[in-house]
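Following: one structure in structure tokens, then a few remarks.
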Amino acid sequence: MTGMEKNRWPPGDLVIWIFIMAELLVFGVFFTAYAFTRAHNVELFDTYQLTLDRNAALINTLALITSSYFVVRAVADIRADDSRGCFRWLLAALGMGLLFLVVKGLEYKHHFSLGIDLSTNTFYMFYLSLTFFHFLHVVLGMVILLAVALKARKGGYSAAEHTGVETGASYWHMVDLVWMILFPLVYVMR
Amino acid sequence: MTTKKMFLRPCTWVYLFLLSLTFVTWFIGVNNLSGRAFAFTVLGFALIKGQLIGDYFMGLKQVAGPWRWVIFVWLLLIGSLITAAFWKTL
């Protein structure tokens, strides 16, 4: 894309965009349910929100934004017919995704060690289910990126045909986008 | 400027801007700053970040027609609903 001409369709396979819309709808319902449930339990939500680790959330936000940027670099490389560069940037993005999973896993470990689970209270029910639902999307996104990276390493994409790279990239950016709302909503807004 | 640079340059600026907004959001959170001003500032930052990711990282800025607005409409909807839910409680 040069910025000169506009395309009729978004980058990647159109099916992934239907999937992305469905995912955004589900996350949107989750976010709205969280916000309106909080409106009826303000004290509870504000009290237990303070138990969350904002530093861990910062690291995870930076990891996801950085991984998304690395995926942008991978797309730029394959559009320039550089498969090796594409592969390397995708590996770097996967590294950031792995960092996210480790940090989130440590957060869960901390909560579980304190005996916190879905039934502890309404706040933790939302916090654990929302963040774990997103966690699973990070895992799925990483599986997709890994498959794309391995194909890129074998020279399976080119400047002329790289729909797979753009498809994987679009999904990964959606995972990043959802976290951009989840982070302030669950960890910060009070 | 090459096509690659023309694509990457705005994305790099967006990346740095996203990092900046994230640090401000974290600062508000880690200092337990509360109330409408802070809550809606971080929500506004989140919506801006989402739109930038859609426009530049997902490439929707280069798309014409209804697909251009998918992310914008989603952000507008959830931003409005979250604002409505938080408004009376802050």
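Protein chains in written order, with this note's numbering: chain A, 14 to 203; chain B, 116 to 205.
Glycine included, each C-beta is placed from N, C-alpha and C at the ideal position.
Being a predicted model, the structure only gives us computed values, none of them experimental.
Nearest candidate by alpha-carbon position, reference Leu-136 (chain B), set B:Trp-184, B:Arg-151, B:Pro-125, B:Leu-162: Here residue 136 (chain B) refers to the residue found at position 21 when the second sequence is read from its first residue. When only C-alpha atoms are compared, the closest one is B:Leu-162.
Beta-bridge pairing of Val-178 (chain B) - partner residues as DSSP gives them: Counted from its first residue, the second sequence places residue 178 (chain B) at position 63. The partner list for Val-178 (chain B) (beta bridge, DSSP) reads A:Asn-20.
For Ile-197 (chain B) and Ala-48 (chain A), believed in contact at Cβ under 8 Å, the rounded distance: Taking the first sequence and counting its residues from 1, one reaches residue 48 (chain A) at position 35. Taking the second sequence and counting its residues from 1, one reaches residue 197 (chain B) at position 82. At roughly 5 Å, the Cβ-Cβ gap stays under 8 Å, so Ala-48 (chain A) and Ile-197 (chain B) are in contact.
Bounding residues of the alpha helix (DSSP H) (the contiguous stretch that carries Val-28 (chain A)): Position 15 of the first sequence, counted from the first residue, corresponds to residue 28 (chain A). Val-28 (chain A) -> alpha helix (DSSP H) spans 27-53.
Coarse secondary structure for Val-157 (chain B), derived from DSSP in three states: As a working mapping, residue 157 (chain B) is identified with position 42 in the second sequence. If DSSP states are grouped into helix, strand and coil, Val-157 (chain B) belongs with the helices.
Thr-127 (chain B) and Tyr-82 (chain A) closer than 9 Å at C-beta: In the second sequence, counting from the first residue as 1, residue 127 (chain B) sits at position 12. In the first sequence, counting from the first residue as 1, residue 82 (chain A) sits at position 69. Thr-127 (chain B) places its beta carbon less than 9 Å from that of Tyr-82 (chain A).
Interfacial residues, the segment 121-143 of chain B to chain A, with Cβ spacing under 7 Å: Those would be Met-121, Phe-122, Leu-123, Cys-126, Tyr-130, Leu-133, Leu-134, Thr-137, Thr-140, Trp-141, Ile-143, in chain order.
Short CB-CB distance (under 9 Å) between Val-85 (chain A) and chain B: Locating residue 85 (chain A) in the first sequence gives position 72, where the first residue counts as 1. By the rule that beta-carbons nearer than 9 Å mark a contact, Val-85 (chain A) touches chain B.
Where Leu-175 (chain B) meets chain A, residues with beta-carbon distance less than 7 Å: As a working note, residue 175 (chain B) is residue 60 in the second sequence. Residues of chain A passing the Cβ test: Pro-23.
Beta-carbon neighbours of Ala-152 (chain B), restricted to chain A and to distances below 9 Å: Numbered from 1 along the second sequence, position 37 holds the residue referred to as residue 152 (chain B). Chain A residues near Ala-152 (chain B): none, gap ~12 Å exceeds 9 Å.
Thr-198 (chain B) (DSSP reduced to helix, strand or coil): Here the question's residue 198 (chain B) lines up with position 83 in the second sequence. DSSP places Thr-198 (chain B) in helix when its eight states are reduced to three.
Buried versus exposed call for Lys-117 (chain A) [16 or more other C-beta atoms within 10 Å across all chains shown]: By one-based count along the first sequence, residue 117 (chain A) stands at place 104. So Lys-117 (chain A) ends up on the buried side.
Within chain A, partners of Phe-172 (chain B) - CB distance below 7 Å: Here residue 172 (chain B) refers to the residue found at position 57 of the second sequence. Scanning chain A for C-beta atoms nearer than 7 Å to the C-beta of Phe-172 (chain B) yields Ser-81, Val-85, His-186, reported in chain order.
Proximal residues to Ser-80 (chain A) (C-beta, below 6 Å), its chain only, five neighbours per side dropped: For the purposes of this step, residue 80 (chain A) is identified with residue 67 of the first sequence, where counting begins at 1. Contacts found: Ala-106, Met-109, Gly-110.
Contact belief for Arg-86 (chain A) with Leu-123 (chain B) at Cβ below 8 Å, rounded distance in angstroms: Taking the first residue of the first sequence as 1, we reach residue 86 (chain A) at position 73. Taking the first residue of the second sequence as 1, we reach residue 123 (chain B) at position 8. Correct: roughly 7 Å between the Cβ atoms.
Burial state of Pro-207 (chain A) (16 or more Cβ within 10 Å): A question about residue 207 (chain A) goes unanswered here, because the residues of chain A that appear run from 14 up to 203.
Cutoff 9 Å: Phe-187 (chain B) Cβ touching any chain A Cβ: Taking the first residue of the second sequence as 1, we reach residue 187 (chain B) at position 72. No, Phe-187 (chain B) does not count as interfacial toward chain A.
Ile-31 (chain A) classed as buried or exposed, judged by whether at least 16 other C-beta atoms fall within 10 angstroms: Residue mapping note: residue 31 (chain A) aligns to position 18 of the first sequence, counting from 1. It is exposed - the Cβ of Ile-31 (chain A) has fewer than 16 other Cβ atoms within 10 Å.
C-beta contact flag for Leu-65 (chain A) and Tyr-170 (chain A) at 9 Å: One-based indexing of the first sequence puts residue 65 (chain A) at position 52. One-based indexing of the first sequence puts residue 170 (chain A) at position 157. Result no, Cβ atoms of Leu-65 (chain A) and Tyr-170 (chain A) do not sit closer than 9 Å.
Inter-residue Cα distance where the pair is Leu-63 (chain A) and Leu-148 (chain B): As a first step, residue 63 (chain A) is located in the first sequence; it is residue number 50 there, counting from the start. As a first step, residue 148 (chain B) is located in the second sequence; it is residue number 33 there, counting from the start. Note on geometry: alpha-carbon atoms of Leu-63 (chain A) and Leu-148 (chain B) lie some 11 Å from one another.
Cβ contact (3+ pairs, closer than 8 Å) linking the segment 91-98 of chain A and the segment 154-174 of chain A: A contact is defined here as three or more CB-CB pairs under 8 Å, and the segment 91-98 of chain A meets this definition with respect to the segment 154-174 of chain A.
CB contact below 9 Å: Ala-70 (chain A) versus chain B: In the first sequence, the residue the question calls residue 70 (chain A) occupies position 57. It does; some Cβ of chain B falls within 9 Å.
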